[in-house]
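In our numbering, the protein residues as written are 199 to 483.
Idealized CB from N, CA, C, for every residue including glycine.
Since we're looking at a predicted model, the values are computed, not measured.
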Amino acid sequence: MRPLWGVDISRTKKNDHPDGDMFIVASTSAAKAAEMDKATEQAEGLNKKADMPLWMKVIYYPCGIFALIVLLGILRADVTFEEGYRNAPALHWIGGACGVIAVALFIYSKLKKSKVEKSIEYVEAGIRLGAAAEEATKELGIPASAEDVDVLIGKYKLKDGKLKFCAVAPISGATFMNFSCSAFVEDGALCLADLSHKYAIPLSELTCIRKVKKRVAFRGWNKSVPFNEPPYKEFKFAANQYGDIFSKTHYILEFRHSGETWGIYFLPHELPAFSKLTGIATVTE
C-alpha cells in the first residue's frame, strides 16, 4: 500500500517529492505559489526567532529533568529535609541550581516569545500569510463548508514488500508529521487540498476505513484546542519533552487506483469527519 503524500526514500534519501501527483486536479498559479512561499518563509523565520534556541534547550531540558528528579526524591524520602540535606548536601545544591537555571531559561524564553509575537513585523507577517492563504483557497476552489482535517504523512522505505516509516528527525521517535488540509466532496470525489494543490479521489475507488491498533508517534498539533483538553482528551494522547505526541491507535482510509492500493493515514479524532465525507460508517479492524 502506498501512503498518499508519503515520500519514498527506498532508493535515495534525497527524495523529497510526495506520492500522489496523479490525483492532482488543480494547483495554485506560479505567482501565487511564490507569494505563499515567501510569506510562509518569513512567518517561519519569525516563529523560529521566537522559539527557544537549540543551545538553550540542551541546557534547559537536562536541568529541568534533574531538578525534578531531585525534588521528587526529597518529597518521597522517609527522612526530614534537614536530615536529607546532611546526608547529601551536594545533591541538594546541584538540584537547586539546576532548578534555578531551568526556571530562568523558561521565563527568558517566554518573554522573548512574547516580545517577538507583539512586534509589528510579526503581526504584518501574519496578515500577509493570511491574505495569501485566502487567495490560494479561492484559486483552488475550496468551499467554505470544507472540513479542516489532519492527515499523517512521512518518509518511508519498502523492504520485501513491507512499508516502514522513518523517523522525522534524528533525535525524534516520531515517524509521522501531522499535516492540516481541507477536505470536501466534489463531483463524486473526495477532495483534499493544501494551499498548493487540490487532490481528488473518486468515491467509487474507496474501499474501507481500517483501524490500526498500534501506537504511533507524530509531530505537530494543528487544532486550536490542545490535545490534552476536551474534546480531544478522551483519545489519551501523550507527549514527551522532545515534542513527540503519541496515539494508541490510528486509521487508514484505503482506496484502489489503477490496480494499486493507497492509504490516507489519520488520527482517531478525525474518524467522524472522514466517515461523514466518505459515507463509510463501518470500520474494518
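Exposed or buried, residue 234, counting other C-beta atoms within 10 Å across all chains shown (16 or more means buried)?
Position 36 of the sequence shown, counted from the start, is the residue given in the question as residue 234. Result: buried.
So, do the segment 310-330 and the segment 277-290 have three or more beta carbon pairs nearer to each other than 8 Å?
They do not touch, by the three-pair rule.
Say whether the segment 443-451 touches the segment 463-471, bearing in mind that this needs 3 or more beta-carbon pairs closer than 8 Å, one atom from each stretch.
Short answer: they touch.
How is the alpha helix (DSSP H) around residue 401 delimited, first residue to last?
As a position in the sequence shown, residue 401 is number 203, starting the count at 1. Careful: residue 401 lies outside any alpha helix (DSSP H) and carries neither H nor E.
Taking only the alpha-carbon atoms, compute the straight-line gap between residue 372 and residue 221 and give it to the nearest angstrom.
Position 174 of the sequence shown, counted from the first residue, corresponds to residue 372. Position 23 of the sequence shown, counted from the first residue, corresponds to residue 221. Our two residues, residue 372 and residue 221, have alpha carbons roughly 27 Å apart in a direct line.
Taking contact to mean at least 3 C-beta pairs separated by less than 8 Å, is the segment 354-366 in contact with the segment 394-410?
Touching, no.
Taking a contact to mean a Cβ-Cβ separation below 8 Å, would you say residue 378 touches residue 344 in this structure?
Within the sequence shown, numbered from 1, the residue matching residue 378 stands at position 180. Within the sequence shown, numbered from 1, the residue matching residue 344 stands at position 146. No, the Cβ-Cβ distance between residue 378 and residue 344 is not below 8 Å.
Nearest to residue 232 by CA position, among 269, 247, 326, is which residue?
Along the sequence shown, read from residue 1 onward, the residue named residue 232 stands at position 34. Of the listed residues, the one whose Cα sits closest to residue 232 is 326.
So, for residue 263: in the same chain, excluding its five sequence neighbours on each side, which residues have a beta-carbon less than 8 Å away from its beta-carbon?
Here residue 263 is taken as the residue at index 65 of the sequence shown, counted from 1. A distance below 8 Å between beta-carbons, with the five flanking residues on each side excluded, links residue 263 to the following residues of its chain, in chain order: 439.
Name the two residues that bound the continuous beta strand (DSSP E) containing residue 383.
Counted from its first residue, the sequence shown places residue 383 at position 185. Per DSSP, residue 383 belongs to the beta strand (DSSP E) from 374-384.
Are three or more beta carbon pairs between the segment 380-396 and the segment 222-231 nearer than 8 Å?
Contact between the segment 380-396 and the segment 222-231 is established, with three or more Cβ pairs separated by less than 8 Å.
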